[in-house]
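Below is one structure, written out as structure tokens, with a few remarks after it.
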Amino acid sequence: MTYTVQDIAAALGCEAAGATDISIEAVREPAEAGPEHLALAMKPEFAETLSQGRARAALLWTGADWQALGLEAAIFAQRPRFALAGLSQMMDPGARYPQGIHPTAVIDPSAEIGEGVTIGPLAMVGPNAVIGARSVIGPQCYIGAEVRLGGDALLHAQVTVAHGVTIGAHFMAQSGARIGSDGFSFVTPEKSGAERARETLGDQGEAKAQSWARIHSLGGVTIGNDVEVGSNTCIDRGTVRDTVIGDGTKIDNLVQIGHNCIIGKDCLICGHVGFAGSVKTGNNCVFGGQTGIADNLFIGDNVISGGGTTILSNVPSGRVMLGYPATKMDVQTESYKAIRRLPRLMRDVAALKKAVSKQGESD
Amino acid sequence: MTYTVQDIAAALGCEAAGATDISIEAVREPAEAGPEHLALAMKPEFAETLSQGRARAALLWTGADWQALGLEAAIFAQRPRFALAGLSQMMDPGARYPQGIHPTAVIDPSAEIGEGVTIGPLAMVGPNAVIGARSVIGPQCYIGAEVRLGGDALLHAQVTVAHGVTIGAHFMAQSGARIGSDGFSFVTPEKSGAERARETLGDQGEAKAQSWARIHSLGGVTIGNDVEVGSNTCIDRGTVRDTVIGDGTKIDNLVQIGHNCIIGKDCLICGHVGFAGSVKTGNNCVFGGQTGIADNLFIGDNVISGGGTTILSNVPSGRVMLGYPATKMDVQTESYKAIRRLPRLMRDVAALKKAVSKQGESD
Amino acid sequence: MTYTVQDIAAALGCEAAGATDISIEAVREPAEAGPEHLALAMKPEFAETLSQGRARAALLWTGADWQALGLEAAIFAQRPRFALAGLSQMMDPGARYPQGIHPTAVIDPSAEIGEGVTIGPLAMVGPNAVIGARSVIGPQCYIGAEVRLGGDALLHAQVTVAHGVTIGAHFMAQSGARIGSDGFSFVTPEKSGAERARETLGDQGEAKAQSWARIHSLGGVTIGNDVEVGSNTCIDRGTVRDTVIGDGTKIDNLVQIGHNCIIGKDCLICGHVGFAGSVKTGNNCVFGGQTGIADNLFIGDNVISGGGTTILSNVPSGRVMLGYPATKMDVQTESYKAIRRLPRLMRDVAALKKAVSKQGESD
Numbered sequence: 261m262t263y264t265v266q267d268i269a270a271a272l273g274c275e276a277a278g279a280t281d282i283s284i285e286a287v288r289e290p291a292e293a294g295p296e297h298l299a300l301a302m303k304p305e306f307a308e309t310l311s312q313g314r315a316r317a318a319l320l321w322t323g324a325d326w327q328a329l330g331l332e333a334a335i336f337a338q339r340p341r342f343a344l345a346g347l348s349q350m351m352d353p354g355a356r357y358p359q360g361i362h363p364t365a366v367i368d369p370s371a372e373i374g375e376g377v378t379i380g381p382l383a384m385v386g387p388n389a390v391i392g393a394r395s396v397i398g399p400q401c402y403i404g405a406e407v408r409l410g411g412d413a414l415l416h417a418q419v420t421v422a423h424g425v426t427i428g429a430h431f432m433a434q435s436g437a438r439i440g441s442d443g444f445s446f447v448t449p450e451k452s453g454a455e456r457a458r459e460t461l462g463d464q465g466e467a468k469a470q471s472w473a474r475i476h477s478l479g480g481v482t483i484g485n486d487v488e489v490g491s492n493t494c495i496d497r498g499t500v501r502d503t504v505i506g507d508g509t510k511i512d513n514l515v516q517i518g519h520n521c522i523i524g525k526d527c528l529i530c531g532h533v534g535f536a537g538s539v540k541t542g543n544n545c546v547f548g549g550q551t552g553i554a555d556n557l558f559i560g561d562n563v564i565s566g567g568g569t570t571i572l573s574n575v576p577s578g579r580v581m582l583g584y585p586a587t588k589m590d591v592q593t594e595s596y597k598a599i600r601r602l603p604r605l606m607r608d609v610a611a612l613k614k615a616v617s618k619q620g621e622s623d
Numbered sequence: 261m262t263y264t265v266q267d268i269a270a271a272l273g274c275e276a277a278g279a280t281d282i283s284i285e286a287v288r289e290p291a292e293a294g295p296e297h298l299a300l301a302m303k304p305e306f307a308e309t310l311s312q313g314r315a316r317a318a319l320l321w322t323g324a325d326w327q328a329l330g331l332e333a334a335i336f337a338q339r340p341r342f343a344l345a346g347l348s349q350m351m352d353p354g355a356r357y358p359q360g361i362h363p364t365a366v367i368d369p370s371a372e373i374g375e376g377v378t379i380g381p382l383a384m385v386g387p388n389a390v391i392g393a394r395s396v397i398g399p400q401c402y403i404g405a406e407v408r409l410g411g412d413a414l415l416h417a418q419v420t421v422a423h424g425v426t427i428g429a430h431f432m433a434q435s436g437a438r439i440g441s442d443g444f445s446f447v448t449p450e451k452s453g454a455e456r457a458r459e460t461l462g463d464q465g466e467a468k469a470q471s472w473a474r475i476h477s478l479g480g481v482t483i484g485n486d487v488e489v490g491s492n493t494c495i496d497r498g499t500v501r502d503t504v505i506g507d508g509t510k511i512d513n514l515v516q517i518g519h520n521c522i523i524g525k526d527c528l529i530c531g532h533v534g535f536a537g538s539v540k541t542g543n544n545c546v547f548g549g550q551t552g553i554a555d556n557l558f559i560g561d562n563v564i565s566g567g568g569t570t571i572l573s574n575v576p577s578g579r580v581m582l583g584y585p586a587t588k589m590d591v592q593t594e595s596y597k598a599i600r601r602l603p604r605l606m607r608d609v610a611a612l613k614k615a616v617s618k619q620g621e622s623d
Numbered sequence: 261m262t263y264t265v266q267d268i269a270a271a272l273g274c275e276a277a278g279a280t281d282i283s284i285e286a287v288r289e290p291a292e293a294g295p296e297h298l299a300l301a302m303k304p305e306f307a308e309t310l311s312q313g314r315a316r317a318a319l320l321w322t323g324a325d326w327q328a329l330g331l332e333a334a335i336f337a338q339r340p341r342f343a344l345a346g347l348s349q350m351m352d353p354g355a356r357y358p359q360g361i362h363p364t365a366v367i368d369p370s371a372e373i374g375e376g377v378t379i380g381p382l383a384m385v386g387p388n389a390v391i392g393a394r395s396v397i398g399p400q401c402y403i404g405a406e407v408r409l410g411g412d413a414l415l416h417a418q419v420t421v422a423h424g425v426t427i428g429a430h431f432m433a434q435s436g437a438r439i440g441s442d443g444f445s446f447v448t449p450e451k452s453g454a455e456r457a458r459e460t461l462g463d464q465g466e467a468k469a470q471s472w473a474r475i476h477s478l479g480g481v482t483i484g485n486d487v488e489v490g491s492n493t494c495i496d497r498g499t500v501r502d503t504v505i506g507d508g509t510k511i512d513n514l515v516q517i518g519h520n521c522i523i524g525k526d527c528l529i530c531g532h533v534g535f536a537g538s539v540k541t542g543n544n545c546v547f548g549g550q551t552g553i554a555d556n557l558f559i560g561d562n563v564i565s566g567g568g569t570t571i572l573s574n575v576p577s578g579r580v581m582l583g584y585p586a587t588k589m590d591v592q593t594e595s596y597k598a599i600r601r602l603p604r605l606m607r608d609v610a611a612l613k614k615a616v617s618k619q620g621e622s623d
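Chains A, B and C are the protein sequences, given in the same order. Quick note: to get this note's numbering, add 260 to the position in the first sequence (first position is 1). Quick note: to get this note's numbering, add 260 to the position in the second sequence (first position is 1). Quick note: to get this note's numbering, add 260 to the position in the third sequence (first position is 1).
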């Protein structure tokens, strides 16, 4: 599909200038752009590489001198990365899964399949599942019994949604996402060493060999609207009630969300983040890659954690956290600096001891 | 399936009181419970919310005053979380996979399928595989050649068990578990920079560009009885002998167990834990989420690690570990406190230097 | 398949001695070896266990006294682990997937399937995909539209390769590998708290609730020759251009490689490593397990990181890194030691304060 520069600018709500009837087939980085491409030169440093390519048109920042950059046409964005969201959506050709219900899909006759739904080759849909209109179930996906999936979903190949999971509209899941696996919940007949070590902060008492009894997960998972789940990410079902993911929350690859968690709205959860069980977060949080959050904690609204942060206690709203164990970012930064200066401090103290001892003698 | 309060109490070996003929369809948290539910009010703080629901019966702690809580019947548990294990098992409706051998499953004629086995839609079972009686192979699972799987297993959708893996009875695996992938083992023709850095603790000498030769994994994986493996967890096969997982060990989601590891019995391994190759652990260990264990280490019995711990050396039995690099938890806690006080310590030393220098002058 | 000791020695380019016509069926650790096995006794400490087994022949280090070890034949290797690479390849029976194109595979008629290709049961190959000669697509794999896969590939069961991904020759992927999922890239209409916290190193200013707009991934993934990808590892597609993995790079299980990354040649990336978006690395790097690398960083050639390292800034070539945040390994080691001595240092300073204050009084 091709668009004119004018079409694109109108769709993005941006100003355009020059030969806005130029046809655009795709977007490219400036150096790789040909005459049929819109170059993405959203900052002056990217614009410098325009001359290495052959773009006639580019997406630029507001106020850029497009003619000096040798362009024939330009689109100007106030917040170019935000404009890229709309632009990339227009230009995405998608995965091109075969449309409609594929004859090799195994669909229980009691499942309710909405209008315009695609169910890919070798996928399975279980009894009493409800699939909302226009949703795409990719090849080799598994949709369990009693699942309720809203409209306009896109599940890429090999996603599993276990029995009894409820998902809102506009859901997107990447390959290998696991929604609704059993929670990891075990208990010993008598108090375990781990329970004692928690109570005493480190002393497990006399260790006794016990086996673990399984606590089954009777709850499901409830996911709001406009949620995205990355590749090979796991969201476990709850023990008694559902694990909950709020509207608009986006989850990256390889994330673990334990049983009973309640994740707020519009959160961003990056790769390898792990929430132990029963964590509750507020809205609009951002968790950097490899952040870990211990079980039963409460995280407020608008909390941000840097990459690799290990959160071991509750975090009030608005905090920016870093480190192991996590503290406010500025406290952590100060600690790092102090640690770097420790060897010098030790030499200073040694020298002081010598000086004081000498002064003591001379007194 | 419904039970009376008396049925449940008898199954759990607990005392019951009141109208024990009340019918129970499911369990709920107190505030969500209706008259057909058993409310889980296993601590006084949970019991406070009973009045927000409409439960007639509840699971309570021993000695609770059930009548004062407005209930018509109650079950009392000495260790309520342990009672929940049995109760949740009774109440679990399961995933409702289609029973029996599904016609779309691809099963090698040489495979031995035990009595009462279910093999789900679009699953595959390879040559000479042996599936124990009553085991359930979920939809779209893959069971490789020569796999031996014990009885009463439950493999959820899209689990893979590679060729030559041996698994005991009562195995459970969540979706996306990968048992028996190749180990990650590579070698350069000449000593690599990483090998030199290990020997010298940081100096890799003169770096030389070399390619990596693959060491194939000729061993398999041997898993004991009563083992559980979480979603998207990986257990790699051994190089020459098998990787081993002991009886009763439970493994959460997204865990990595490298080639040649020997994991003991009744261990609990939480989400995102990573064992590098050839680690050996004792029995009854608990590894908190995101713990990492470097290769070739020995971990004793009853070792516990807190979330995010990075273990870089052997750990004797009974230790509770924390931190990066891991130390005994109390040492780590003392270090954290000391680091927080470092900025003040630095100011103190600066003041001391000034005072001593002044005293030196005044001497 | 069996080999004589002489066959094996010749294939490995090693010297052999003794009864080199002994037949070898498989390799074993010394204590488990029978007369039909080649025992792997590549170091003196392994050779000590030869007497516990019944091996007639062994792979030994150069100069070993094979007769004193009670053997009838021996192969000598200068660098035994490197010899093991070749030996393990000879002895690997492989996964024994059914050969040829399985009738249950769903293959788009426009796909180009090379000579001698295997496509396993229940696999899918999308439109215009090109599969190189002799490649093996395991059972239940998914190959998207327009994928170009080189010759001699081996994809184990349940690998997904999304549309438009390009892969060189001799590719190997373990079960559950996800190549070409969408990048994790989102933007708010106005500057977010996370953007502000980055600029200010910790102050996100006044938090404002905003929803996230998706930036679609229009690029693909380009993977060189001789690359291996572990189980459940994710390599995301690029935003505008492709994410790139260099020739000869080996990637372990559960690794996350974010959108737009450019990974060099012959790198080794261990389990649970996470690269945030747009990281560029040099060649011959080794990243230890659970290493995290923040977005947009540049890592030079021959960089090594220890397990659990969190890299938050650029790393020059040749560095050996450790810690959180990562520093040169020796700096980190010095810091750890200093932290352990902190409590004593604090006592020293307290004593000094007392002494100085007393001296001050006595002046």
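Ideal Cβ placement from N, Cα and C applies to all residues, glycine included. This one's a predicted model, so the numbers in the text were calculated from it and none came from an experiment.
- Excluding its 5 nearest sequence neighbours in each direction, residue 580 (chain C) has C-beta neighbours in its own chain below 7 Å: 564, 588 and 589, listed in chain order.
- Fewer than three pairs of CB atoms, one per stretch, sit closer than 8 Å, so the stretch 405-412 of chain C makes no contact with the stretch 294-313 of chain A.
- In this structure, residue 373 (chain C) and residue 383 (chain C) do not form a Cβ contact; the two beta carbons are roughly 12 Å apart against a cut-off of 8 Å.
- Comparing C-alpha distances from residue 403 (chain A) to each of A:494, A:393, A:419 and A:414 shows the shortest one belongs to A:419.
- The residue among B:545, B:585 and B:355 with its C-alpha nearest the C-alpha of residue 470 (chain A) is B:545.
- Pairing residue 480 (chain B) with residue 394 (chain C), the inter-Cα distance amounts to about 26 Å.
- Under DSSP, the beta-bridge partners assigned to residue 516 (chain A) are A:494 and A:534.
- When B:526, B:511, B:501 and B:513 are compared, the shortest CA-CA separation from residue 537 (chain B) is found for B:501.
- If you check the CB distance, residue 548 (chain A) and residue 530 (chain A) come in under 7 Å.
- Taken in chain order, the members of the stretch 414-433 of chain A whose beta-carbon sits within less than 9 Å of a beta-carbon on chain C are 416, 417, 418 and 432.
- One thing to note: residue 286 (chain A) has its Cβ no nearer than 7 Å to the Cβ of residue 276 (chain A).
- Residue state for residue 475 (chain A) is assigned as coil, using DSSP reduced to three classes.
- Residue 347 (chain A) sits in a helix when the DSSP states are folded into three classes.
- When only Cα atoms are considered, residue 596 (chain B) and residue 442 (chain C) end up about 39 Å apart.
- Below 8 Å, enough C-beta pairs join the stretch 326-339 of chain C and the stretch 311-318 of chain C to call them touching: three or more.
- Residue environment analysis places residue 551 (chain C) among the buried positions, since at least 16 neighbouring C-beta atoms fall within 10 angstroms of its C-beta.
- Using a CB distance below 8 Å, the part of the stretch 283-317 of chain B facing chain A consists of 286, 287, 288, 289, 292 and 300, ordered along the chain.
- DSSP places residue 452 (chain C) in no beta strand (DSSP E); its state is neither H nor E.
- Look at residue 607 (chain A): its C-beta is not under 7 Å from any C-beta on chain C.
- Bridge partners of residue 297 (chain C) according to DSSP: C:286.
- Contact check for residue 280 (chain B) and residue 262 (chain B): beta-carbon distance about 14 Å, past the 8 Å limit, so the pair fails to qualify.
- Annotated three-state conformation of residue 334 (chain B) is strand, per DSSP.
- For residue 570 (chain B), the chain C residues whose Cβ falls inside 8 Å of its Cβ are 550, 567 and 568, in order along the chain.
- Annotation: residue 504 (chain A) has no Cβ neighbours in chain B at a cutoff of 8 Å; minimum Cβ distance is about 13 Å.
- Using a 10 angstroms sphere on the CB of residue 308 (chain B), the tally of other CB atoms stays under 16, which defines it as exposed.
- Taking the beta carbon of residue 532 (chain C) as reference, the chain A residues within 9 Å of it are 514, 532 and 550, listed in sequence order.
- Here the stretch 484-491 of chain C makes contact with the stretch 418-433 of chain C; the two share three or more CB pairs at distances below 8 Å.
- Nearest CB-CB separation between residue 492 (chain C) and chain A: below the 7 Å threshold.
- Under a criterion of Cβ atoms nearer than 9 Å, no residue of chain C is adjacent to residue 394 (chain A); the nearest Cβ is some 17 Å distant.
- For residue 275 (chain B), no alpha helix (DSSP H) segment is defined; the enclosing uninterrupted segment is the beta strand (DSSP E) at 275-278.
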